[in-house]
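Numbering (our numbering), first residue to last: 14 to 97.
We put the CB at the ideal spot given by N, CA and C, even for glycine.
Every value quoted in this text rests on a predicted model; they were computed, and no experiment measured them.
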């Protein structure tokens, strides 16, 4: 249930009836697994000296940005999972 104060008025929205909680937990869990696997793959790649020495700097930087984005997404997904 979500409660929102609005200029002296309170609106209550029963979120539980708007979506299937178990299905949402499964979806988030699956998304966490997928994101974690991708982040792990990128971490391994960015630790590979051969990749770092051969790849153009722009490619390496792009991979680092992807990893940062994935880690941020993973943190948000884990927070969502905890709240459910």
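By the DSSP assignment, the alpha helix (DSSP H) with residue 64 in it spans what residues? In this chain, the alpha helix (DSSP H) harbouring residue 64 covers 62 to 67.
How would you call residue 48, buried or exposed, if buried means at least 16 neighbouring beta carbons within 10 angstroms? With at least 16 other beta carbons inside 10 angstroms of its own, residue 48 counts as buried.
Do residue 97 and residue 44 have their CB atoms nearer than 7 angstroms? Cβ atoms of residue 97 and residue 44: not closer than 7 angstroms.
How would you label residue 34, buried or exposed, when you count the other beta carbons within 10 angstroms and need 16 or more for buried? Flag for residue 34 reads exposed.
So, using beta-carbon positions, are residue 41 and residue 92 closer together than 7 angstroms? In this structure, residue 92 does not lie closer than 7 angstroms to residue 41 by Cβ.
Do residue 55 and residue 70 count as a contact pair if the criterion is CB distance below 7 angstroms? Contact annotation: residue 70 and residue 55 have beta-carbon atoms that are not nearer than 7 angstroms.
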